[in-house]
Amino acid sequence: MINNLEFTVKFFRAFLTALFLAALLLAAFTLVTSKADVLGGLRSFTVLSGSMQPTVPVGSVVFVQPQQTYSFNDIVAFKNKAGLTVTHRIFQSTIKNGDIFYRTKGDANGQADSEVISSKDIIGKEIFFVPEIGRLSDLLKNPYGFIGLVVTPTVIFIGLEILNIKREMEKEIEKKLLAQMGMNYS
-12 MINNLEFTVK FFRAFLTALF LAALLLAAFT LVTSKADVLG GLRSFTVLSG
38 SMQPTVPVGS VVFVQPQQTY SFNDIVAFKN KAGLTVTHRI FQSTIKNGDI
88 FYRTKGDANG QADSEVISSK DIIGKEIFFV PEIGRLSDLL KNPYGFIGLV
138 VTPTVIFIGL EILNIKREME KEIEKKLLAQ MGMNYS
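So the sequence shown is numbered by the working numbering: it starts at -12 and just counts up by one.
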């Protein structure tokens, strides 16, 4: 018979395990989408500066997808002239020689970006973002972070499961010995 404390401990452990696995899966998905297009061009980028605060906080992961057209107020990720990926809001658009050019602005910035970007520079429009998960995925990119967040908990989990199996085996052996001696196990 399982008592309330045992049930609570088992439930809490299962909940923490599920939460940990969900966070790892999301971080892994983020790592994959940060390196390659997935599911119709879906890409992810970690927000490193506060230029889009409070809309998109630092440490968030922004998931973007290419669009046929982009509009005023769309949040987009693009490559600037320095080759860095920037996530800002479209502030203005103009057409020159048949090409569309955009001026962007970070929500927290006082003025629009000085650089005008071509529609070819835009990687995609923000589909959704997940606050703080970027910190976790960035940590997983580091070998020490990976060991600390994946390997160590996995080894601990496996060790605890081995202990549980050992305890169950000991109970079964004790039960069989008591049965052989003609005693009831309770």
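For each residue, glycine too, the CB sits at the ideal point set by N, CA and C. These numbers were taken from a predicted model, which means no experiment stands behind them.
Partner residues in the beta bridge of TYR89, as assigned by DSSP, are SER80 and ILE104. Taken in chain order, the segment 41 to 65 contains no complete alpha helix (DSSP H) segment of 4 residues or longer.
One thing to note: ASN96 has its Cβ within 7 angstroms of the Cβ of SER38. Assignment of beta-bridge partners to VAL117 by DSSP yields VAL48. Apart from the 5 residues on each side of it in sequence, THR17 sits with its Cβ closer than 7 angstroms to the Cβ of SER31, VAL48, ILE120 and SER124 in its chain, given in chain order. Ranked by how close their Cα comes to the Cα of LEU126, the residues ALA5, ASN(-9), PHE(-6) and LEU11 have LEU11 in first place.
With a beta-carbon spacing of about 5 angstroms, ASP61 and ILE77 fall inside the 8 angstroms limit used to define contacts. Contact between the segment 111 to 119 and the segment 128 to 136 is absent: fewer than 3 CB-CB pairs across the two stretches fall below 8 angstroms. Note on geometry: alpha-carbon atoms of ILE109 and PHE65 lie some 4 angstroms from one another.
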